[in-house]
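Take the sequence shown: its position 447, counted from the start at 1, is 512 in our numbering, and no numbers get skipped.
Don't be surprised by glycine CBs; every beta carbon is placed ideally from N, CA and C.
These numbers were taken from a predicted model, which means no experiment stands behind them.
These notes concern the structure reproduced below.
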Amino acid sequence: MSTIQKLENDPRVVVRRSGLPDPDGRCVVYWMRRSIRAEENPSLDIAIQAANAMGKPLVVFFALVPVANANLRHYTFLIEALAETSVELRKRNAGFVLRRVPDHSVTGFCSEVGAALLVTDENPLRGPEHRLQTVVRQLRIPIWSVDSDVVVPSKLIPGKQYAARIIRPKLMKLRDEFLRPSRSIAARLPWKQNLKSLLCNLSVMGGMKVDHSVQSASTIRGGTREAKRLLREFVNKKLAGYPERRNHPEDDGTSRLSPYLHFGNISPVTIASEVLKADAPKDAKEAFLDQLITWRELAINFVRYNELYDSIECAEPWAARTLAKHAKDPRPVLYTEKQLENAETYDPLWNAAQIQMVEQGWMHNYMRMYWGKKILEWTRSPAEAFQIAVRLNDKYELDGRDPNGYAGIAWAIAGKLDRPWFERPIFGQIRYMSGKSTGKKFDSKQYIEQHSKQ
Ligand SMILES: Cc1cc2nc3c(=O)[nH]c(=O)nc-3n(C[C@H](O)[C@H](O)[C@H](O)COP(=O)(O)OP(=O)(O)OC[C@H]3O[C@@H](n4cnc5c(N)ncnc54)[C@H](O)[C@@H]3O)c2cc1C
């Protein structure tokens, strides 16, 4: 079997357009979209191996395009990560080209450089998947997408997985096989062309309509280096206490790696491998890996198999029935989206969570659950609650527009990946969280003090 055939059969590869690479092509193009890193990146590794097998150089292409709900906060993080990645790619002998609208077409880029093969990152979200399908229709060269941001390649667990307990044993069975370090080889033929490329600094936003109303997060910097620093800190100082501390929003007891996972600055394989090697109790390691692998990969499965993942329409029949039954229940307190956005509710705990998200670009998991549930209680309908939650989450969280966000909101508001609970007003059988009991489970006074309006 040839190297190209072997690569096509790699469990992480999905052949989007089959065929042999164009023998007259001048290079391999890696269209980087989700995995913004130069190490432990299977898309890059596979593109390099293919380029080496064909005796051609490799160029990495990144296109800056406007994205719904993305703003200065997200673009700043992205550009910081791209600046670092573009430098690191040189060590792998790969070129890097950054373009923005209206020069963002990967199809145009492939003809400009004479691509023999196009490799890209798998991304289950609707927008990126549609963009890839358009490119597949336009190009005449083979196209592979590589599932680089999961531990277990999604195609090995096909079909809708309805709950963590269903996907967990399947992931556990395959997990170890995919926790191998990647082959960090360099392209044999270095990229030598000097193509038009933008500089990776904040000035690239100049030509784009970027919403500047949300400031960049001053304490969270994009890039693999920072992701690895946070990982080291987590493994050395927080992992052993994770099972207990992860439920304390007033305490900084979690990894805070979600923005880095969202932008692909670090691989979940790197994180899981470091955690498994750590000197920490087994139950702490497994508690963390259950979030990183089971819940995260369940969320990815959720968006892949639910076209309507960002609306109430994704609810299971039992949840749709129970929410419909309670649609006319009186809602004693109603807030507008603006009031919610401005953290103007009667509930200081909820307001503190909203402020944490608006100011820092990140909210603690425990508070995210409570935050979502209350939006259901305080708005006119579950459909409206879902839309508001998605808009606020995607606008302010650095890790927003992620499968985890849509799954988390679907869990909180539509009972997704959950089961029916006791019947109660407005929520029906959707799991409820009361302010009183939530506030007693941790030092909520301290959390409120930490996140009050400046
Ligand atoms: C309403 C709601 C909205 C959410 N929005 C987002 C979002 O926009 N983006 C996002 O990445 N996560 C979201 N989550 C999931 C979770 O809250 C965050 O991933 C987590 O708080 C990130 O913090 P951390 O990196 O310190 O997590 P850690 O506890 O250190 O966990 C490590 C990693 O495991 C994964 N993980 C942890 N908890 C979950 C979970 N409940 N579901 C899926 N994966 C998980 C994340 O990738 C996380 O980075 C949301 C949850 C809810 C209930």
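In the structure shown, residue 208 falls within a strand segment according to DSSP collapsed to helix, strand and coil. Exclusion of the five residues before and after residue 420 leaves 408, 516, 517 and 518 as the residues of its chain whose Cβ lies within less than 8 Å of its Cβ. Looking at the DSSP output, residue 186 bridges to 211. With fewer than 16 other CB atoms across the displayed protein chains lying within 10 angstroms of its CB, residue 89 is exposed. Contact between residue 368 and residue 136 is ruled out by a C-beta separation of about 22 Å, above the 8 Å threshold. Within the same chain, and ignoring the five residues on either side of residue 269 in sequence, the residues whose Cβ sits closer than 8 Å to its Cβ are 129, 144, 163, 165 and 263. Residue 360 has its alpha-carbon roughly 34 Å from the corresponding atom of residue 395. In this chain, the alpha helix (DSSP H) harbouring residue 175 covers 171 to 178.
Using a Cβ distance threshold of 8 Å, residue 310 and residue 303 count as a contacting pair. Buried is the label assigned to residue 287, since at least 16 other Cβ atoms lie within 10 Å of its Cβ. Secondary structure note for residue 470: its alpha helix (DSSP H) is the uninterrupted segment 468 to 479. In the DSSP assignment, no residue is bridged to residue 455. Annotation for residue 249 indicates a beta carbon at 7 Å or more from all heavy atoms of ligand 1. DSSP, read as helix, strand or coil, puts residue 201 in helix.
Counting along the chain, the unbroken beta strand (DSSP E) around residue 95 starts and ends at 92 to 96.
By the criterion of a C-beta distance shorter than 6 Å, residue 493 is surrounded in its chain by 387, 388, 390 and 391, once the five residues flanking it on both sides are discounted. Residue 397 has its alpha-carbon roughly 43 Å from the corresponding atom of residue 215. In this structure residue 337 does not touch residue 469 by the C-beta definition: roughly 16 Å separates them, more than the 8 Å allowed. Across the structure, residue 194 and residue 501 are spaced so that their CA atoms are roughly 42 Å apart. Under the three-state reduction of DSSP, residue 126 is assigned to strand.
Between the stretch 177 to 196 and the stretch 439 to 451 there are fewer than three C-beta pairs closer than 8 Å, too few to call the two in contact.
A residue is called buried once 16 or more other Cβ atoms fall within 10 Å of its Cβ, and residue 488, having fewer, is exposed. Contact check for residue 111 against residue 330 fails: the beta carbons are separated by 8 Å or more. In the DSSP assignment, residue 160 falls outside any alpha helix (DSSP H) and within the unbroken beta strand (DSSP E) covering 160 to 165. One Cα belongs to residue 131, the other to residue 460, and the distance between them is close to 13 Å.
Within a 10 Å sphere around the beta-carbon of residue 133 sit fewer than 16 other beta-carbons, which makes this residue exposed.
The stretch 420 to 438 and the stretch 309 to 326 touch, with no fewer than 3 CB-CB distances between them shorter than 8 Å. Under the three-state reduction of DSSP output, residue 430 falls in the helix class.
A direct Cα-Cα distance of roughly 37 Å separates residue 355 from residue 160.
Judged by their CB atoms, residue 477 and residue 437 are nearer to each other than the 8 Å cut-off. Residue 79 is bridged by DSSP to 210.
Contact check for residue 187 and residue 79: beta-carbon distance about 6 Å, within the 8 Å limit, so the pair qualifies.
The Cβ-Cβ distance between residue 222 and residue 366 falls below 8 Å. Cβ neighbours of residue 473 within its own chain (closer than 7 Å, five residues either side excluded): 433 and 437. Taking C-beta separations shorter than 7 Å and ignoring five residues to either side along the sequence, the partners of residue 352 in its chain run 307 and 308, following chain order. By the criterion of at least three beta-carbon pairs nearer than 8 Å, the stretch 115 to 130 is in contact with the stretch 252 to 260.
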